[in-house]
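When we follow UniProt numbering, the leftmost residue of the sequence shown carries the number 1, and every step to the right adds one.
Data first, discussion second: the structure below is written as structure tokens.
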Amino acid sequence: MLRFLNVVAIVALIGSAVYAYSIKYQTILRAEQITKLKHKVKAEQDAIAVLRAEWSFITRPERVQELSDKYLDLEPLDVRRIVTAQSLPEKAERVDSIARKLDALGLGGAATTPAASEPTPTTPKGKAR
Numbered sequence: 001m002l003r004f005l006n007v008v009a010i011v012a013l014i015g016s017a018v019y020a021y022s023i024k025y026q027t028i029l030r031a032e033q034i035t036k037l038k039h040k041v042k043a044e045q046d047a048i049a050v051l052r053a054e055w056s057f058i059t060r061p062e063r064v065q066e067l068s069d070k071y072l073d074l075e076p077l078d079v080r081r082i083v084t085a086q087s088l089p090e091k092a093e094r095v096d097s098i099a100r101k102l103d104a105l106g107l108g109g110a111a112t113t114p115a116a117s118e119p120t121p122t123t124p125k126g127k128a129r
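Okay, here's the thing in structure tokens:
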């Protein structure tokens with residue numbers, strides 16, 4: 001009986017040592033993975049900082065002005081082009097030309113414009129829950 005207990009104790013000791021060994025190396029592996037991820041995050045943050053600096057350099061107002069002068073044939077705004085809102089023409093009614101063509105071919109329903117359709121009902125502001 002005593003020998004059996006000794007064998008069981010030795011097997012339990014070896015089993016717990018193997019388990020502790022595997023846990024230790026899993027922990028080391030996870031720590032290495034965390035370190036690699038931290039390095040990747042730092043590299044991405046550095047890349048973002050470089051891209052932001054490049055964007056700031058590229059979008060400098062002086063550079064944009066120089067490029068617009070070079071590539072865009074812009075002229076100063078003429079004072080005669082400035083008008084009041086009342087002198088602008090009324091907005092034209094929106095027409096659904098595709099529906100008209102379908103109606104002419106006999107393939108569609110009545111032509112309706114988006115402005116002519118009924119508005120969707122809404123809940124009054126005072127009665128909303």
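Heads up, the beta-carbon is just placed ideally off N, CA and C, and yes, glycines get one too.
- Per the coordinates, the alpha-carbon of Ile98 lies some 42 Å from the alpha-carbon of Val64.
- A direct Cα-to-Cα measurement between Ser22 and His39 gives close to 26 Å.
- Looking at the backbone, the Cα of Ala92 and that of Pro61 are separated by about 38 Å.
- Here Ser68 really is in contact with Leu74; their C-beta atoms are around 6 Å apart, less than 8 Å.
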